[in-house]
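Protein chains in written order, with the numbering used here: chain D, 1 to 103; chain G, 1001 to 1158.
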């Protein structure tokens, strides 16, 4: 199980600004180790962000997203105390879901 | 004999219906990323044309309504290149990031549901100095803009 995500959700005017830092190797499958063996690809493929069970951002990623991926975006609405839930799924079918409270 | 023919007609009919559905875009990959399977073919493309085909679109129209922000002209570390993209195209449905000279061109596709600002930042990896495309799907059409980001490996500027 991967480390938890760091999520910030802040109310700015009438919008909620979400910043998320995920903890993931994002191995491309292009690199080789010291023995010259290819390190297998291991990266997040899908990301889903919901606010009150409504999807506010959905993404599909390739291995070209940086290690420990960062995303920030803004959606309209939201109130203090609301939950923002983020889920990722990687190519090993491993997944992680974390929640943050809008502040 | 006759029944066989009937059967063939029936299956033929069903098949063409399916392709019609696909053509109408109901089965198109790339939409609703969360619900659908990961679009493997799109992430294995090597050129803009191939990527567009895999996403089910046509050549994007160059647009000045798509703007890069907080994006460097020169990135010192290709492993972490911050990219920010804002789309002012009305009815933006998705924003994709493509890197021309990476082993696989498509880096990420973000679906923007109504209510979410068509503006986001993330960080990407770049193998070398390359054009980076911001591809926006709006109202079923594709728009793009590009920006060259120089990657300096080893430190001294280039």
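For every residue, glycine included, the Cβ atom is placed at its ideal position computed from N, Cα and C.
| Query | Result |
| --- | --- |
| Residues sharing a beta bridge with residue 15 of chain D, DSSP | D/12, D/76 |
| 8 Å Cβ cut-off: residues of chain G touching residue 62 of chain D | 1043, 1104, 1106, 1107, 1108 |
| Reduced DSSP category for residue 1134 of chain G - H, G, I as helix; E, B as strand; rest coil | strand |
| Status (buried if at least 16 other CB within 10 Å, exposed otherwise) for residue 1045 of chain G | buried |
| Cβ pair residue 1151 of chain G, residue 1081 of chain G closer than 9 Å | yes |
| Residue 51 of chain D, buried or exposed, once every other Cβ within 10 Å from all chains shown has been counted against 16 | buried |
| Amino acids of chain G, ordered along the chain, whose beta-carbon sits closer than 8 Å to that of residue 57 of chain D | 1110, 1111, 1112, 1113, 1116, 1120 |
| CB contact check: residue 1137 of chain G to chain D, cutoff 9 Å | no |
| is_contact[residue 1052 of chain G, chain D] using C-beta, thresh 9 Å | no |
| N- and C-terminal bounds of the beta strand (DSSP E) containing residue 90 of chain D | 83-90 |
| Span of the beta strand (DSSP E) around residue 1122 of chain G | 1116-1124 |
| Interfacial residues, the stretch 70-96 of chain D to chain G, with Cβ spacing under 9 Å | 70, 71, 72, 73, 74, 75, 76, 77, 87, 89, 91 |
| Assumed close pair residue 1052 of chain G, residue 1060 of chain G - CB separation to whole angstroms, cut-off 8 Å | 7 Å |
| Residue 30 of chain D: contacting residues in chain G (beta-carbon distance under 7 Å) | 1103 |
| CB contact check: residue 1028 of chain G to chain D, cutoff 9 Å | Low per-residue confidence applies at residue 1028 of chain G: pLDDT is 41, beneath 50, and the placement is therefore not dependable, though the value from the model is reported in the following sentence. So, not an interface residue. |
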